[in-house]
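The end of the sequence shown is residue 330 by UniProt numbering, with every number in the run present. The beta-carbon is built from N, C-alpha and C at its ideal position, and this holds for glycine as well. Computed from a prediction, not measured in an experiment: that's the story for all the values here.
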Amino acid sequence: VLALHRHLSSDAKDVKTVTVFGAGLMGAGIAQVGAQAGYKVVLSDVTDKALDNGLNIISKSLARVAKKASPDDIEGYTKNVLANITVTTDAEKAVADSDLVVEAIIESIKIKRDLFGFLDKKAKPSAIFASNTSSLSITEIADATSKERQANFAGLHFFNPVPAMKLVEIIRTDATSQSTYEALREVTIKMGKKPVTCKDTPGFIVNRLLVPYMLEAIRLVERGEATPEDVDTAMELGAGYPMGPFKLLDFVGLDTTSYISDGWHKNSGETGLPPTLVETPELLAKLVSEGRLGRKNGKGFYDYS
Ligand code: CAA
Ligand code: NAD
């Protein structure tokens, strides 16, 4: 029984290799803070182009971190962190030796479930699985895996930009084991983050409050009450936010924000979210359909080129 328990349960001291799926804004940042904390990190995405994009995000951010973390040996620090990161488009290889899998791919329940269903069969039984989803149910994602894995499954929600934002929300489902939860707390602390705990509810803590606020800012502009520039100035200087809602929307990604609101609106009956609070504003849908995704592709509510 003890051997079985050891086999199935997870312990923070056992986490050495972390695999991150998705080399976009979030995955790149999670891989970076993992590597900075001394973990061996495997970063995986579907194309080499996406991996190059991730490595590019990491090298820009690492230049800022290294200046502060190791002012006397920026080059050595950078080299050591990068030496902890390998990249691959082969999902099976990516998890072969993994102790912790963090998923940060597109915000789609189907694509996330497909990925975890596949990984469940390829990863070690003891590996912890975590999703960085902004808005989806962790229970519903975990349900694509075996009963044993569901005990090793939780939400691990980082914030953008990951290297600078200190918070991580740890989301426990009814099935998440205490040892998985404790292991994730230790990992996040080792990454220099402050963990908070939340039940598996739509948007957890931060996004349950932040997303309706950002959507209402768009509606305010749609109603012609103020310009995006004035709303941003108002919330920065009047409420002390580091970025107003339109800068933040561009920062988060307009596609990601509309995936969140579309999903919440569609499921508002089940989740109890008021439909009018989470409906995707027309202006947001229009910008996404025009390919204005935010800072990540140089244009959103504002132009960055
Ligand atoms: N990599 C590494 N370090 C970074 C960084 C990056 N990408 N971006 C900023 N930093 C660091 C800087 O080096 C700097 O550190 P020091 O003060 O120690 O020198 C610090 O962060 C502040 O940066 P700046 O001086 O360049 O600029 P700033 O003061 O305007 O801060 C910011 C930048 C931290 C991004 C700040 O504007 C901010 O907090 N914005 C709001 C971000 C936010 O709300 N994020 C959450 C989005 S919602 C989400 O993520 C959840 C979801 O599911 C959608
Ligand atoms: P992004 O668009 O920057 O990157 C997504 C990456 O996932 C892309 O590189 C894409 O190629 C890759 N991908 C898609 N399908 C894949 C698959 N099957 N296997 C491997 N890679 C795949 O998105 P992002 O902003 O990094 O968001 C990723 C996740 O993190 C989403 O669930 C999002 O809701 C969540 N999140 C986003 C933010 C934010 O501010 N942007 C903050 C916290 C959480």
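Q. Which residues share a DSSP beta bridge with residue 319?
A. Beta-bridge pairing links residue 319 to 324.
Q. Is residue 229 helix, strand or coil when you go by DSSP?
A. coil
Q: Compute the distance between the beta-carbons of residue 178 and residue 201, then report whether it is under 8 Å.
A: yes
Q: Compute every distance between the C-beta of residue 69 and the non-hydrogen atoms of the ligand PLP, then say whether any falls below 7 Å.
A: In terms of ligand content, the structure shown lacks the ligand PLP and carries the ligand CAA and the ligand NAD instead.
**Q.** Buried versus exposed, by CB contacts within 10 Å (16 or more), residue 195
**A.** It counts as buried.
Q.
So the candidates are 290, 311, 310; which of them puts its Cα closest to the Cα of residue 302?
A. Selected option, being the one with the closest Cα: 290.
Q.
Strictly by DSSP, which residues pair up with residue 237?
A. In DSSP, residue 237 forms no bridge with anything.
(Q) Looking only at its chain, what residues have a beta carbon closer than 8 Å to the beta carbon of residue 124, apart from the 5 residues adjacent to it on each side? (A) 35, 39, 40, 41, 42, 43, 149, 151, 152, 153
Q: Any chance you could list the alpha helix (DSSP H) runs of at least 4 consecutive residues sitting entirely within the stretch 59-101, in chain order?
A: Taking only runs of at least 4 residues, the alpha helix (DSSP H) segments lying wholly in the stretch 59-101 are 73-94.
(Q) Taking its Cβ as the centre, do 16 or more other Cβ atoms sit within 10 Å of residue 219, making it buried, or is it exposed? (A) exposed
**Q.** Expected contact under 8 Å - CB spacing of residue 227 and residue 274 to nearest Å
**A.** Residue 227 to residue 274, Cβ: 19 Å. No contact.
Q) Comparing the CB of residue 338 with every heavy atom of the ligand NAD, is any distance shorter than 7 Å? A) No answer is possible for residue 338: it lies beyond the span of the chain, which begins at 26 and ends at 330.
Q: Please name the residue, chosen from 247, 141, 269, that lies closest to residue 307 on a Cα-to-Cα basis.
A: Answer by Cα proximity: 247.
Q.
I'd like the list of long-range same chain contacts for residue 169, defined as Cβ closer than 7 Å, with 5 residues on each side in sequence excluded.
A. 138, 141, 142
Q. Any chance the CB of residue 159 is under 7 Å from a heavy atom of the ligand CAA?
A. yes
**Q.** Neighbourhood of residue 37 by C-beta distance below 7 Å, restricted to the same chain and skipping five residues each side
**A.** At residue 37, the pLDDT of 49 sits below 50, so the modelled position is not reliable and the matter cannot be decided from this model.
Q. Going by other Cβ atoms of all chains shown within 10 Å of its Cβ, with 16 needed for buried, is residue 243 buried or exposed?
A. buried
Q: Starting from residue 128, follow the alpha helix (DSSP H) in both directions and report where the run begins and ends.
A: That residue, residue 128, is in no alpha helix (DSSP H); its beta strand (DSSP E) goes 125-128.
Q) Which whole-angstrom value is the C-beta distance of residue 163 and residue 205, which I expect to be below 8 Å? A) Not really, about 12 Å apart at Cβ, beyond 8 Å.
Q: List the residues that DSSP assigns as beta-bridge partners of residue 180.
A: 156, 196
Q) What are the start and end residues of the beta strand (DSSP E) that includes residue 334? A) The chain is shown only over 26 to 330; residue 334 falls outside these bounds and no answer can be derived.
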